[in-house]
Structure formats: structure tokens, C-alpha cells
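Since the structure comes first, as C-alpha cells, the remarks are kept for the end.
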Amino acid sequence: MTGKSGQTTAYKIALASMMAALALIFSYIEALIPFSIGIPGIKLGIANLVILVSLYILGFGYTLAINVIRILVAGLLFNGLFGALYSLAGGLLSLAVMYLLKKTGLFSTVGISMAGGVAHNLGQLLTAAFLVSTIKLFFYFPVLLFSGIISGILIGIITHLILKKLPASLYAATGRAKNSKKPD
Amino acid sequence: MIRKADIILAVILIVLGLAASYALSAGEESGQMVRITVAGEEYATYSLAEDRTVTVDKDNHTNKITIKDGAVSMTFSDCKGQDCVHQGKITKTSQSIVCLPNKIVIEIEGENQEYDAISR
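Respectively, the protein sequence lines represent chains A and B.
If you count by the numbering used here, then the first sequence holds residues 701 to 884, one letter each, in order.
If you count by the numbering used here, then the second sequence holds residues -19 to 100, one letter each, in order.
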């Protein structure tokens, strides 16, 4: 079950593909039901659930691949390539921040997800400010910051619950001990 | 589940948000001029006191901007998201309406801003 090389890699790739498909579905649901309140950029970010879970069970490399695939395919299918540009900036910054915070070992999934949510919104804001070349966009910053905190906390709590429910064999198969990496 | 570091991080972020919104609202005053920018280039400037409707036709996109009773709003946009239209009216110098897909920015400026630029 815990084969060291070929078997594990195949297993991980299959698992990563499933995660990418799931993340894409979540992106689709989010595109279908946009609960916009008149301020651009406010989203729950349910696709981040998959990204965060994947960061715990598959690690950074696979998660990066899952995220990039999700954003590009979602861009081609329903968000538009223009939307993909924002998502990419937000998604990559968010993943980088979450990876670094997780590495410190100080934060729970809630803290990591919260920082990720804020970083996601900040990345999109920076891209938007660059594209329309106005610094005035930063008047949205406080709103996006708070929305990032709130959605990040929600996603973090759900991720924590999911990670607890996942079978130990899944962690073993991807070479990550459940208990040592388990957040609590 | 929640650790000490999480709470410290949350507090830092919240303080940052409050400080930013305080700093932004401090420089707020009711504006005099409306400036429309398309893709970073100035398109036109109008007085906020005069009612009018401006149609911006650029790069195959159409946006309608309405100035009425000292407030500006994006009344029509052919963009997908419609966030700019839903945002409603703005009146203060700290506010702006941005249509990201069409790269249109509506900003409000105080009267003395132009003057400062000249006297400097």
C-alpha cells in the first residue's frame, strides 16, 4: 500500500486529477450562483476548499498543478480568459501564502485559509490596479480584506472537518502521516 | 482547532483593515469634477454639478455614465459582470466606479486638485 515509487506516483496523479475535476466543478457552481453584492471581487471561494485539502494530502507541487489547471480550464469554459487572469494572480498569491504559513507549523487550517483568502483578494486587486492603471482601486482594499477574512475562516473550518474525516489510508498512500500533519 | 497564531493573525488583519478604511475615509470630501479614464488614459472630465449622460464607445465596448443631482453612476455597460452598474451612485472624492472588463474608471475629484497641480 505504501509503495515507495511508481505506485505512489500513479496514485497521486490520479488523486490530483480527481481533485482538479472537483475544483473545476466548485468553480462552476460559484460562476452559476454569483452572490454579488455590488462590489467586485467578493466571493466565497469554495474551490479553495479543494486547494487547501490538497495542500495537506498532496503537497505544494501537486496543488499548484491542480490550481493552475482549474483556473485555466474554468477560464476557457465559463469565466472567460480575462477572468482567468485575475483568478491566476489571486490563486497563485493565495497558494504561496498558504504554503508558507503551513510550513511554519504555527497555524491551523483556519488561520492558513484566512490568510489565503486575503492574499487571493489582494492579488486580484493588484492585477486590477495594474490593468486599469489607477491606484484609486485601493479604496476597495478594506472591503476585500474583510471579505477575505470572513470567507477564509468559513473555508478553513470546513477544510478542518474534511481533513478529519478523510481515511488514514489516503494520507499513507500519499506519503503524508495523518497525525503529524493533522491540524488541531 | 484554532491556535494562538491564528488569532494574532486575525487581529493584525482586522486592525490593518480598520486602519486602511479610517485613512481612506479621512481624505473624503464631496467632489466637484467627474473624471472618466479608459485603459489608463483620460477620456473626459465633466462637472458634477451639471446633469448629463455620457456614452463611452471604445474598443468595441459601450458604457453609459449618468451625472445627476451631484452624483455619478454607470447606467449601462455591455460587460459580463455588471458590477459597475450594480454599484450605484457615487458622490465623494474617495469613491470610484470601475468596470474592469471594459477598463473604464470613473473617479470623483475635488475642485482644488486641478489648481494644486498648476500652482506646483
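We put the beta carbon where it would ideally sit given N, CA and C, even for glycine.
Local Cβ density within 10 Å of residue i, reported as buried at 16 or more and exposed below that
i: residue 714 (chain A); result: exposed
i: residue -1 (chain B); result: exposed
i: residue -14 (chain B); result: buried
i: residue 76 (chain B); result: buried
i: residue 797 (chain A); result: buried
i: residue -19 (chain B); result: exposed
i: residue 40 (chain B); result: exposed
i: residue -8 (chain B); result: exposed
i: residue 786 (chain A); result: buried
i: residue 832 (chain A); result: buried
i: residue 719 (chain A); result: buried
i: residue 727 (chain A); result: buried
i: residue 11 (chain B); result: buried
i: residue 805 (chain A); result: exposed
6 Å Cβ shell around residue i - same chain, five flanking residues per side excluded
i: residue 828 (chain A); result: 837
i: residue 817 (chain A); result: 848, 851 and 852
i: residue 59 (chain B); result: 79, 81 and 82
Closest residue to residue i among the options (Cα-Cα distance)
i: residue 72 (chain B); options: B:19, B:6, B:-8 and B:-7; result: B:6
i: residue -10 (chain B); options: A:791, A:823 and A:848; result: A:848
i: residue 664 (chain A); options: A:724, A:757, A:732 and A:742; result: The displayed coordinates of chain A run from 701 to 884. Any statement about residue 664 (chain A) would go beyond what the structure contains.
i: residue 90 (chain B); options: B:2, B:4, B:13 and B:54; result: B:13
i: residue 771 (chain A); options: A:759, A:795 and A:753; result: A:795
i: residue 66 (chain B); options: B:50, B:45, B:29 and B:8; result: B:45
i: residue 81 (chain B); options: A:803, A:784 and A:809; result: A:784
i: residue 862 (chain A); options: A:728, A:753 and A:743; result: A:753
i: residue 747 (chain A); options: A:870, A:730 and A:778; result: A:730
i: residue 788 (chain A); options: A:744, A:811, A:804 and A:766; result: A:766
i: residue 855 (chain A); options: A:719, A:745 and A:732; result: A:745
i: residue 1 (chain B); options: A:843, A:864 and A:821; result: A:843
i: residue 29 (chain B); options: B:21, B:20 and B:49; result: B:49
Residue(s) in a DSSP beta bridge with residue i
i: residue 26 (chain B); result: B:14
i: residue 38 (chain B); result: B:41
i: residue 72 (chain B); result: B:10
i: residue 51 (chain B); result: B:48
i: residue 78 (chain B); result: B:85
i: residue 21 (chain B); result: B:18
i: residue 56 (chain B); result: B:44
i: residue 33 (chain B); result: B:46
Sequence-distant residues of the same chain with beta carbon closer than 7 Å to residue i, five excluded per side
i: residue 78 (chain B); result: 64 and 85
i: residue 23 (chain B); result: 16, 17 and 36
i: residue 57 (chain B); result: 43, 64, 65, 79 and 82
i: residue 859 (chain A); result: 749, 752, 753, 809 and 813
i: residue 38 (chain B); result: 18
i: residue 755 (chain A); result: 763, 798, 799 and 802
i: residue 8 (chain B); result: 72, 73 and 74
i: residue 839 (chain A); result: none
Inter-residue CB distance, residue i and residue j (contact presumed, cutoff 8 Å)
i: residue 813 (chain A); j: residue 853 (chain A); result: 7 Å
i: residue 841 (chain A); j: residue 826 (chain A); result: Contact doesn't hold; Cβ gap of about 10 Å is too wide.
i: residue 873 (chain A); j: residue 711 (chain A); result: 5 Å
i: residue 716 (chain A); j: residue 762 (chain A); result: 5 Å
i: residue 846 (chain A); j: residue -3 (chain B); result: 5 Å
i: residue 793 (chain A); j: residue 823 (chain A); result: 3 Å
i: residue 774 (chain A); j: residue 732 (chain A); result: Going by Cβ atoms, the distance from residue 774 (chain A) to residue 732 (chain A) rounds to 12 Å, so no, they are not a contact pair.
i: residue -17 (chain B); j: residue 807 (chain A); result: 6 Å
Residues of its chain near residue i, where Cβ-Cβ distance is below 8 Å and the 5 sequence neighbours each way are ignored
i: residue 70 (chain B); result: 51, 52, 53, 76, 77, 86 and 88
i: residue 33 (chain B); result: 44, 45, 46, 47 and 55
i: residue 819 (chain A); result: 790, 793, 794, 796, 797, 798 and 848
i: residue 811 (chain A); result: 801 and 856
i: residue 4 (chain B); result: 74
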